[in-house]
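*Asks:* Per this note's numbering, residue 79 is the first one in the sequence shown, and the count goes up by one each step. Pasting in a structure now, in structure tokens, and then I'll have a few things to ask.
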Amino acid sequence: MLLTLLYLLIGGILLYLGAEWLVRGSGNLALRYGVPPLVVGLTVVAFGTSAPELVVSVKAAISGFGSIAVGNVVGSNIFNIAVILGLSALVRPLKVNVKVLKVDTPLMVVFSLLFIVMMQNGVLQRWEAGFLLAISLVYIGLTIFLGKKSSKDMPEAEIKSLENPLQGGLVKDVFFIIFGLVGLLAGSHLFVKGAIALAESLGVSQAVIALTIVAMGTSLPELATSVVASAKKQEDIAVGNIIGSNIFNLMAILGVSGILSPLRPQGIGLVDLAVMAGLSAMLLPLMRSRYQIGRYEGGFFILTYIAYLVYLWP
């Protein structure tokens, strides 16, 4: 058991550091070659915080562990809203950007429902995964196009943070990217190995481990980003990070994983999918009310997650 926990701990640390290094290196590399800070933030930063979910799900899919590949995404999306947004709102009530309310959050709900429909036969086929990936590419393309037209799509604080590249030259940026990728790959291998061993030692399904332990571990970048952003009064970053990550998880990560190998997630039931979609849909009326997510709503989300854990671990 001790070795299993070490796998999870070391794997989680490597996933977090790998994502952080990848964001720093690739972001600064893009800025050095004249890519607008807005586009960097909407693409590189969003990808970086979801990189752990990507490498873990792809690794699990290739290894034939469909429950971990899908459970990681479903569990991460649930954790992102219920815990990360909940904690962020407890730190400070979160003001909601109009674009996030009218465009991105409704799309997240639609994509969640689309995935539920696809999973009715218990398998995500390659053509379905390809469809999800194609939609994600369209979404990313439109985001970049609209981002170039208006700098208002990105919070001023995030633009400033991206306009201050790391000290050092091109070689340093490349090393950050390489170390980030190595950290993500090594971390995903250890984390998946530890998750499988933990499931076997506790006598629970891989699906339960993926929905909880794996999902929490791969969501560390989102947790750090959103809670710190909330404390610094950067509400757009705190909220937009979660919504964008959830969309990327559903469409791009499951798309890539499902293309590599059809996903048959045994143990991921309708209740799990309904909790994911329900929390996403619940955001819409809460956001529309005073255009913010308050402390009471944050507390409610956290209590909802606790109830979900009780359901999973009877």
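Glycine included, each C-beta is placed from N, C-alpha and C at the ideal position. Small disclaimer: the values here were computed from a predicted structure and weren't measured.
(1) Considering only their Cβ atoms, is the gap separating A285 from I346 smaller than 9 Å?
(2) Helix or strand or just coil, what does DSSP make of I371?
(3) For A309, does the count of other Cβ atoms within 10 angstroms reach 16, so buried, or fall short, so exposed?
(4) Ordered along the chain, which non-local residues of its own chain (more than five positions away) have a Cβ less than 7 Å from that of S340?
(5) Enumerate in chain order the residues of its own chain whose CB-to-CB distance from F254 is below 6 Å, with the five nearest sequence positions on each side excluded.
(6) If you follow the alpha helix (DSSP H) that G436 is in, where does it begin and where does it stop?
(7) Under a three-way DSSP split, which group does K137 fall into?
(8) According to DSSP, which residues form a beta bridge with K173?
(9) Per DSSP, which one or two residues make a beta bridge with L341?
(10) Taking just the CA atoms, how far does L95 sit from S239?
(11) Just to confirm the assignment, what range does the alpha helix (DSSP H) spanning A147 have?
(12) Smallest Cα separation from V131: which of G90, S166 and L348?
(13) Whole angstroms is fine: what's the gap from L211's alpha carbon to R170's?
(14) Closest by CA to S191, which one among L276, I325 and L301?
(15) Is it buried or exposed for L328, if we count other Cβ within 10 angstroms and need 16 for buried?
(16) Can you find the residues in the same chain that come closer than 7 Å, C-beta to C-beta, to L390, ignoring five residues on each side of it along the sequence?
(17) Let me check understanding here. Comparing Cα to Cα, which of G258, R342 and R366 lies closest to A129?
(18) Round the Cβ separation of L92 and A293 to the nearest angstrom and send it over; I've been treating them as touching at under 8 Å.
(19) Starting from S283 and walking both ways along the alpha helix (DSSP H), at which residues does that stretch end?
*Replies:* In short:
(1) yes
(2) strand
(3) exposed
(4) In the sequence under discussion, the amino acid at residue 340 is Pro, which differs from the Ser named in the question. Excluding positions up to five away in sequence, the list reads V201, L202, Q203 and R204.
(5) W99, R102 and G103
(6) Lying before the first or after the last residue shown, residue 436 is absent from the chain, which here runs from 79 to 392.
(7) helix
(8) Q370
(9) L202
(10) At S239 the pLDDT is 48, less than 50, meaning the model places this residue with poor confidence and gives no usable figure here.
(11) G144 to F157
(12) The amino acid occupying residue 131 in the given sequence is Glu; Val does not appear at that position. Checking every option, the nearest Cα to that of E131 belongs to G90.
(13) 35 Å
(14) At residue 191 the sequence reads Leu, which differs from the Ser that was named. Of L276, I325 and L301, the residue nearest in Cα terms is I325.
(15) buried
(16) V286, L289 and T290
(17) G258
(18) The pair is not a contact, with the Cβ atoms about 17 Å apart (cut-off 8 Å).
(19) Where S283 is concerned, there is no enclosing alpha helix (DSSP H), given that its DSSP letter is neither H nor E.
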